[in-house]
Amino acid sequence: MRIATYNVNGVNGRLPVLLRWLEETQPDVACLQELKAPEEKFPLQAINDAGYNAIWHGQKSWNGVAILARGMEIEERVRVLPGDPEDMHSRYIEAVVNGIIIGCLYLPNGNPVDTPKFDYKLKWFERLTNHAKKLLKEDLPVILTGDYNVMPTELDVYKPERWTNDALFRPETREAFHKLVSQGWTDAIRKLYPHEKIYTFWDYFRDAYGRDAGLRIDHFLLSPNIADRLKAAGVDRYVRGWEKSSDHGPVWIELKDK
DNA sequence: ATGCCGTGGAAACCACGA
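Reminder that position 216 of the first sequence reads as 215 in numbering that gives the first Met the number 0, one-by-one numbering, no gaps.
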């Protein structure tokens with residue numbers, strides 16, 4: 000079973016790229032972030048025609064998350080991260096697919112630091128951590144995946160010294176990620192490739208993709224009761240080189256059948 | 001390197017992203 004995550008940076012503007020990627024790689028489940036489309040502008044027909052069911056939580060202009068599944072039912076659990084009724088951003092959606100709880104998330108960017116945006120990021124991280132702790136008590140296995148907007152270690156940044164004061168790399172942010180993972184989650188890419196430079200994002204500027212000036216910010220966290228089913232993981236980085244690509248590349252894991 | 005590009009939405013510029 001292949002599960003993928005892809006920050007599409009605009010689901011409608013990205014539709015040809017998204018459909019080509021789905022067709023070529025055939026993930027069983029695909030979690031999408033940054034739909035940048037209101038609820039009613041989600042391209043459901045095109046996605047259905049590609050063979051996928053979908054649930055999504057859209058929002059005008061920004062954010063937006065979706066879970067797609069090929070030939071499988073998607074049983075929605077929640078579409079808002081618990082813990083703050085005031086938070087109107089569509090950044091989290093969770094469902095059961097094929098006996099696995101899948102949480103699809105788009106963690107706030109948080110820049111610039113020393114503004115409410117950074118506080119919002121850390122608070123959101125705390126809410127995610129609280130929710131994750133509850134999920135670990137479920138009988139079903141859990142996968143928390145998406146755009147975490149954090150480079151966990153220096154290995155995950157092309158030039159760490161340039162990012163020390165960035166919201167994606169600040170000590171508070173990395174500590175928050177570490178605290179979450181320490182509950183017992185497995186960072187799938189790092190489990191299989193502990194020492195390799197692997198990126199999931201390349202800026203549109205300055206030919207970042209051509210120079211491989213990237214970041215690893217899209218992650219898969221696996222609960223202990225599914226971690227031993229991890230067979231393979233990787234980044235479809237060639238997709239980043241396509242015309243009209245997102246600035247993120249799709250990330251995927253392959254699970255053994257039970 | 002403090003947004004150089006890209007997206008969406010509103011209004012021919014702005015917010016936001018990482």
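Note that CB positions come from ideal geometry on N, CA and C, so glycine has one too.
With distance defined between alpha-carbon atoms, name the residue in T114, Y119 and L31 nearest to E93. Checking every option, the nearest Cα to that of E93 belongs to L31.
Does W55 pass the burial test, meaning 16 or more other C-beta atoms within 10 Å, or should it be called exposed? Result: buried.
For the beta strand (DSSP E) containing Y119, name the first residue and the last one. Element bounds for Y119: not the beta strand (DSSP E) but the alpha helix (DSSP H), P115 to L134.
First and last residue of the uninterrupted beta strand (DSSP E) at R76: Taken as a continuous stretch (DSSP letters only), the beta strand (DSSP E) holding R76 covers E74 to V77.
Of the residues P223, L67, T128 and Q44, which one's Cα is nearest the Cα of A187? When P223, L67, T128 and Q44 are compared, the shortest CA-CA separation from A187 is found for P223.
CB W123 to CB P111, shorter than 7 Å? Not a contact, by the Cβ cut-off of 7 Å.
Hey, L34 and V10: beta-carbon distance below 7 Å or not? In contact: L34 and V10 (Cβ atoms closer than 7 Å).
Is the distance from the Cβ of V7 to the Cβ of L17 below 7 Å? It is a contact, given that the beta carbons lie within the stated cut-off.
Roughly how many angstroms lie between the CA atoms of A131 and D86, to the nearest whole one? Counting only the Cα atoms, D86 lies some 18 Å from A131.
Ordered along the chain, which non-local residues of its own chain (more than five positions away) have a Cβ less than 6 Å from that of L21? Excluding residues within five positions, the ones whose Cβ falls inside 6 Å are A49.
Limits of the unbroken beta strand (DSSP E) element including K230: First-last of the beta strand (DSSP E) with K230: L229 to V234.
Report yes or no: do the segment 112-119 and the segment 141-158 share at least 3 C-beta pairs separated by less than 8 Å? Contact between the segment 112-119 and the segment 141-158 is absent, because fewer than three Cβ pairs lie under 8 Å.
Proximity to V180 [Cα-Cα], best of L139, N97, F117 and T128: Looking only at L139, N97, F117 and T128, the smallest Cα-Cα distance to V180 is reached by T128.
Taking three-plus beta-carbon pairs below 8 Å as touching, is the segment 164-173 in contact with the segment 132-150? They touch, by the three-pair rule.
Which same chain residues end up closer than 6 Å to N47 when comparing Cβ atoms and leaving out the 5 residues on each side of it in sequence? Counting only Cβ-Cβ distances below 6 Å, and skipping sequence neighbours, we find nothing.
Whole-angstrom distance between M0 and R69, CA atom to CA atom: Approximately 11 Å, taken between the alpha carbons.
Can the beta-carbon of L135 be found closer than 7 Å to that of G102? No, Cβ-Cβ distance for L135 and G102 is not below 7 Å.
Residues that DSSP places opposite Q44 in a beta bridge: Its beta-bridge partners do not exist; DSSP assigns none.
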